[in-house]
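Enquirer: Residue 1167 is where the sequence shown ends in this note's numbering, and the numbering goes up by one at each step.
C-beta: ideal position from N, C-alpha, C; glycine also.
First, the structure itself, so that you have it in front of you.
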Amino acid sequence: MKPRLKKLSVTMLGLGLGFGLVTSALADATLKEVMDARGLTEKDMLAAAKTYTPTGGRDEYLAFSSGGQSGHVIVYGIPSMRILKYIGVFTPEPWQGYGFDDESKAVLDMGNPNGEIKFGDTHHPAFSETEGEYNGRYLFINDKANPRIAVIDLHDFETKQIVSNPFFRSAHGGAFVTPNTEYVMDAAQYAAPYKGTGFVPLEEFNDKYRGGLTYWKFDDKKGRIDEANSFTFEMPPYSQDLSDAGKKVSAGWGFTNSFCSERYVGGIEKGRPPFEAGCSQKDTDFMHVTNWKKAAELVAAGKVKKVDGSYMIPIEQAVAEGLLYLIPEPKSPHGVDVSPDGTHIVVSGKLDSHAWVYSWEKIQKAINNKKFEGKDPYGIPIIAMKDALHKQVQVGLGPLHTQYDSKECVVYTSIYVDSMVTKWDYCEGKVLDQIHIHYNIGHLMTMEGDSASPDGKYLVALNKLAIDRFNPVGPLHPQNHQLIDISGDKMKLLYDMPIPLGEPHYVVAIKADKLKPVVRYASGWDSRKDERSPWKTRAGREKVERVDGVVHVYGTVIRSHITPEIIEVEEGETVSIHLTNLERAEDETHGFAVYSENVQLSIEPGKTVSTTFKADKAGVYPYYCTEFCSALHLEMQGYLLVKPKGYQAKASKMDEGQAYTKADYDKQVKTNVDTQAVINSVVGFITSHNYKDFPQVVALVEDATDQLGFADEAKKKAEGYAAKGDYQNATLWAGQHWQYQVKTADMGLRAKTYLEQNGAVKVPAK
Ligand code: CUK
Ligand code: CUA
């Protein structure tokens, strides 16, 4: 076997056919032979065994990655690194109908009227928390470019709300949540005059340009951000960067770093030294420390004024009330990360090779004793570095972000310039291990690493450059997420995953069993508002209504037809089509597309969605289901007929194509009788087992029962026509009877298979 394999591979490579064919010849080879043929080492095999997830297997963690410029969120499993879903957030996502149906357009339009902005620069996803632990209910993510925060509900993985920052013109330091999701932090990045202010010349930068930090209030019951009760700290124009909320001992406080506290304004084209030179002159920048708990009390007590409709705490008030402090931090810092117990804060300077560890105890002492080394130009007290610092540790060139391990005092810092991850001890201040990554790491992430009790286990390095790691696909390379085993003393590289959708900045990972997403909606559900849709319809109640010049079509979809199948309107009318998916079976989504109208809906079981457009051109517009949902999916079709104004019907009778006889009818009836026998035997199997213990099967049985009800109606119609000798209609309705039977049988067989594979037991006959 072996020599033959070798020879085969030589020949194949000689033919330029490469690996695909060689591996196909490995079908019956042993593990050793496969390793030899593919050049795999034992180390590779070990890594593969740690990540490979056999068919049907599940992942221990689910990671939610920013989709960078795509404006989406990417969901993948760990350790398999299999991508499971893209969630449309700040940009349309056609597969999910996001940004195409009326309901989700309304979400995209929040803070983005008419959907004018066509992208989002997503950076930091964050889970909702209860007492510092991820609770698996919501995910937040920011858009840096057009400062927005989105709320994704994890019960169905859909975006429900987008809020636009009332003041900022960019915001990088979001989303970071406080320990009980009281607030979502969102800090400005590039200082600018606040939104309510128009043009202000750069000469007035120091006086009129401002940074800031918004604390978005989250209403946990509604699952929505409460804009009216959110507040913003006015801050100096220091380019605030990332944030993190205090935990446990430091709960109630927030930490935000900054760069370019020089307040330098470039202008290279005017001969001025550029931003990058002017913004890295000072040896230190400022960490901003904010007391959100006290600020929230002031807001509640009516002591904070609104500016342009939103609460704004001016610097003066923040200083007077003891809400805002500054602490020097290393040059051009990036990333501020609070330890799980809330006692320490790690900051790294991109232009410094050290990570700096701050002690919350020391910071608190300085604040309580009013021990400051001075004030900044805006009057904000500055705590001396020596009064706040615990340790400085040499971790490598260009340290960025830090994540915590489950082991006490152990942290991991991404080293951008050196392309490394450094594992170190922040209590003792010593380096423990280093591993090379490929290449230029930005963020890194450990399992539940932002929570009060990180799990350790795995680390994902989010690498900016992939260069030579994958098959070349043109000048724009995918990103490279590398999975690293951190369960032992030494870090071990396991897997490279290309990410081909934007540049993800950050990822968060949660234990998969904390997520309990639904498989279907209650019938007639508006998923974006999470309530019954006023446009819902039930089977047999489909209708068309003309109200205020709009043609409302209340329709349904179920395997394998759309009701109505013909929609007739007059040129110039506005059409609003509302479709309800009648299916209860898992994964039976239907789609809906209309020729030339930019309509693409995704209708999951139970969902009701709408599409509204003006039928301004007379013509024939085919529509169809865009999900291959059943054997007769291609027949899931219809016509929107847009008639010219004042059109008079000419043809009197439908051209039926083919005439059917009694023989055709009898043949169909015989088929139906045979099919019924199959259904009966399946029903016999199901009802003789404990199927009611299996919710998935119960749903299938309910759907099957519905279909059988429809089948009966069709059968009666067929028999009625046959009695009158109208074999044309009799045969067609008998055919429809059979269609319903086939669907019933399909669902019945799926239920039967499920029962067989999941250990159903026979119940004694009654
Ligand atoms: S950022 Cu991109 S690597 Cu937006 Cu948190 Cu650091
Ligand atoms: Cu429904 Cu295809």
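In the structure shown, what three-state DSSP assignment does Leu-1101 receive?
Expert: In the sequence shown, counting from the first residue as 1, residue 1101 sits at position 700. In the structure shown, Leu-1101 sits in a helix (DSSP, three-state: H, G or I).
Enquirer: Grouping DSSP H, G and I as helix and E and B as strand, with all else coil, what is Trp-617?
Expert: Your numbering for residue 617 matches position 216 in the sequence shown. Trp-617: strand per DSSP, three-state reduction.
Enquirer: Assuming Met-821 and Gln-835 form a contact by the criterion Cβ under 8 Å, report the distance between their Cβ atoms to the nearest whole angstrom.
Expert: Counting from 1 along the sequence shown, the entry for residue 821 is found at position 420. Counting from 1 along the sequence shown, the entry for residue 835 is found at position 434. Rounded, the Cβ-Cβ distance is 5 Å, consistent with contact.
Enquirer: Quick check: Tyr-759 and Leu-790, are their CB atoms within less than 8 Å of each other?
Expert: Start at 1 with the first residue of the sequence shown, and residue 759 comes out as number 358. Start at 1 with the first residue of the sequence shown, and residue 790 comes out as number 389. For Tyr-759 and Leu-790, yes; Cβs fall inside 8 Å.
Enquirer: Between Tyr-1122, Asp-460 and Asn-515, which has its C-alpha nearest Ala-910's C-alpha?
Expert: Here residue 910 refers to the residue found at position 509 of the sequence shown. The residue with the shortest Cα to Cα distance from Ala-910 is Asp-460.
Enquirer: Pick from Phe-528, Ile-518 and His-735: whose alpha carbon is nearest that of His-379?
Expert: Nothing about residue 379 can be reported from this structure: the residues present for the chain run from 402 to 1167 only.
Enquirer: Whole angstroms are fine: how far does the CA of Met-586 sit from the CA of Leu-725?
Expert: For the purposes of this step, residue 725 is taken as residue 324 along the sequence shown, with counting starting at 1. For the purposes of this step, residue 586 is taken as residue 185 along the sequence shown, with counting starting at 1. Going by the C-alpha atoms only, they are around 15 Å apart.
Enquirer: Buried or exposed for Gly-1020, please, with buried defined as at least 16 other CB atoms from any protein chain shown within 10 angstroms of its CB.
Expert: Within the sequence shown, residue 1020 is the residue found at index 619, counting from 1. Per the 10 Å Cβ criterion, exposed.
Enquirer: What residues in its chain sit with their C-beta under 7 Å from that of Leu-1151, if we drop five residues either side in the sequence?
Expert: Residue numbering aside, residue 1151 sits at position 750 when the sequence shown is read from its first letter. The sequence as given places Arg at residue 1151; Leu does not occur at that position. If we look at Arg-1151 and ignore the five residues flanking it on each side, its Cβ neighbours are Leu-1101.
Enquirer: Could you tell me which of Lys-519, Ser-466 and Val-508 sits nearest to Thr-492, measuring between CA atoms?
Expert: What you label residue 492 is simply residue 91 of the sequence shown in a count that begins at 1. It is Lys-519 whose Cα lies nearest to the Cα of Thr-492.
Enquirer: Compute the distance between the beta-carbons of Thr-523 and Gly-458, then report whether it is under 8 Å.
Expert: As a first step, residue 523 is located in the sequence shown; it is residue number 122 there, counting from the start. As a first step, residue 458 is located in the sequence shown; it is residue number 57 there, counting from the start. No, the pair does not count as a contact, with Cβ atoms beyond the cut-off.
Enquirer: Where do the ends of the beta strand (DSSP E) carrying Thr-1062 lie?
Expert: Translated into positions along the sequence shown, residue 1062 becomes position 661. Note, Thr-1062: premise wrong, no beta strand (DSSP E); not H, not E.
Enquirer: Residue range of the alpha helix (DSSP H) that Gln-1140 falls in?
Expert: Taking the sequence shown and counting its residues from 1, the one referred to as residue 1140 is at position 739. Element bounds for Gln-1140: 1128-1158.
Enquirer: In the DSSP assignment, find the unbroken alpha helix (DSSP H) run with Glu-698 in it and report its ends.
Expert: For this step, residue 698 is matched to residue 297 along the sequence shown. 693-701 is the extent of the alpha helix (DSSP H) around Glu-698.
Enquirer: Could you check whether the stretch 664-677 touches the stretch 593-613, counting it as contact only if at least three pairs of C-beta atoms, one from each stretch, sit closer than 8 Å?
Expert: yes
Enquirer: Look at the Cβ atom of Thr-1013, then the Cβ atom of Asp-503, and state whether they are nearer than 8 Å.
Expert: Position 612 of the sequence shown holds residue 1013. Position 102 of the sequence shown holds residue 503. Result yes, Cβ atoms of Thr-1013 and Asp-503 sit closer than 8 Å.
Enquirer: Cβ of Ile-967 within 8 Å of Cβ of Tyr-1040?
Expert: Residue numbering aside, residue 967 sits at position 566 when the sequence shown is read from its first letter. Residue numbering aside, residue 1040 sits at position 639 when the sequence shown is read from its first letter. Yes.
Enquirer: Looking at chain C, is there any beta carbon in it that lies within less than 8 Å of the beta carbon of Asn-515?
Expert: As a matter of chain content, chain C is missing from the structure shown, which is built from one protein chain.
Enquirer: Check whether the Cβ of Leu-801 sits closer than 7 Å to any heavy atom of the ligand CUK, and report yes or no.
Expert: For this step, residue 801 is matched to residue 400 along the sequence shown. Yes - the ligand CUK has a heavy atom lying nearer than 7 Å to the Cβ of Leu-801.
Enquirer: Is Glu-984 close to the ligand CUA? I mean its beta-carbon at under 7 Å from any heavy atom of the ligand.
Expert: The residue given as residue 984 occupies position 583 in the sequence shown. No.
Enquirer: List the residues that DSSP assigns as beta-bridge partners of Thr-1027.
Expert: Position 626 of the sequence shown, counted from the start, is the residue given in the question as residue 1027. Its beta-bridge partners do not exist; DSSP assigns none.
Enquirer: Answer yes or no: do Ala-1161 and Tyr-1092 have a C-beta to C-beta separation smaller than 8 Å?
Expert: As a working mapping, residue 1161 is identified with position 760 in the sequence shown. As a working mapping, residue 1092 is identified with position 691 in the sequence shown. For Ala-1161 and Tyr-1092, yes; Cβs fall inside 8 Å.
Enquirer: If you drop the 5 nearest sequence neighbours on each side, which residues of the same chain put their C-beta closer than 7 Å to that of Lys-944?
Expert: One-based indexing of the sequence shown puts residue 944 at position 543. Excluding positions up to five away in sequence, the list reads Tyr-955.
Enquirer: So, helix, strand or coil for Asn-658, using DSSP?
Expert: Here residue 658 refers to the residue found at position 257 of the sequence shown. Here Asn-658 sits in strand by DSSP.
Enquirer: Any chance the CB of Tyr-907 is under 7 Å from a heavy atom of the ligand CUK?
Expert: In the sequence shown, counting from the first residue as 1, residue 907 sits at position 506. The answer is yes for Tyr-907.
Enquirer: Report whether the distance from the Cβ of Val-995 to the nearest heavy atom of the ligand CUA is below 7 Å.
Expert: Within the sequence shown, residue 995 is the residue found at index 594, counting from 1. It does not: the Cβ of Val-995 is nowhere closer than 7 Å to a heavy atom of the ligand CUA.
Enquirer: Report the start-end ranges of each beta strand (DSSP E) in the stretch 436-495 that is 3 residues or longer and not cut off at the edges.
Expert: 462-467, 473-479 and 484-489
Enquirer: Taking the alpha-carbon of Leu-1156 as reference, which of Asn-769, His-1090, Gln-1142 and Met-898 has the nearest alpha-carbon?
Expert: Indexing the sequence shown from 1 puts residue 1156 at position 755. Ranked by Cα distance from Leu-1156, the first of Asn-769, His-1090, Gln-1142 and Met-898 is His-1090.
Enquirer: In the DSSP assignment, the alpha helix (DSSP H) including Phe-606 goes from what residue to what residue?
Expert: To locate residue 606, count along the sequence shown from 1; it is residue 205. Unbroken alpha helix (DSSP H) run through Phe-606: 606-609.
Enquirer: Would you identify the three-state DSSP class for Ser-924, choosing helix, strand or coil?
Expert: Along the sequence shown, one-based indexing puts residue 924 at 523. DSSP places Ser-924 in coil when its eight states are reduced to three.
Enquirer: Cutting at 7 Å between CB atoms, please list the residues of its own chain near Lys-1116, excluding the five before and the five after it.
Expert: Taking the first residue of the sequence shown as 1, we reach residue 1116 at position 715. Closer than 7 Å at the Cβ level, and outside the excluded window around Lys-1116, lie His-1138.
Enquirer: Roughly how many angstroms separate the alpha carbons of Arg-625 and Ala-1052, rounded to a whole number?
Expert: Along the sequence shown, one-based indexing puts residue 625 at 224. Along the sequence shown, one-based indexing puts residue 1052 at 651. In a straight line, the C-alpha of Arg-625 is about 55 Å away from that of Ala-1052.
Enquirer: Going by DSSP in three states, Ile-1087 sits in which element: helix, strand or coil?
Expert: Numbered from its first residue, the sequence shown carries residue 1087 at position 686. In the structure shown, Ile-1087 adopts helical secondary structure according to DSSP, grouped into three states.
Enquirer: What residues in its chain sit with their C-beta under 7 Å from that of Glu-1103, if we drop five residues either side in the sequence?
Expert: What you label residue 1103 is simply residue 702 of the sequence shown in a count that begins at 1. Excluding positions up to five away in sequence, the list reads Arg-985.
Enquirer: Cβ of His-979 within 8 Å of Cβ of Ser-1011?
Expert: For the purposes of this step, residue 979 is taken as the residue at position 578 of the sequence shown. For the purposes of this step, residue 1011 is taken as the residue at position 610 of the sequence shown. Yes, these two residues count as a Cβ contact at 8 Å.
Enquirer: Determine the closest residue to Ser-754 out of Leu-798, Lys-771 and Val-1079, with distance taken between C-alpha atoms.
Expert: Position 353 of the sequence shown, counted from the first residue, corresponds to residue 754. Cα-wise, what sits closest to Ser-754 is Leu-798.
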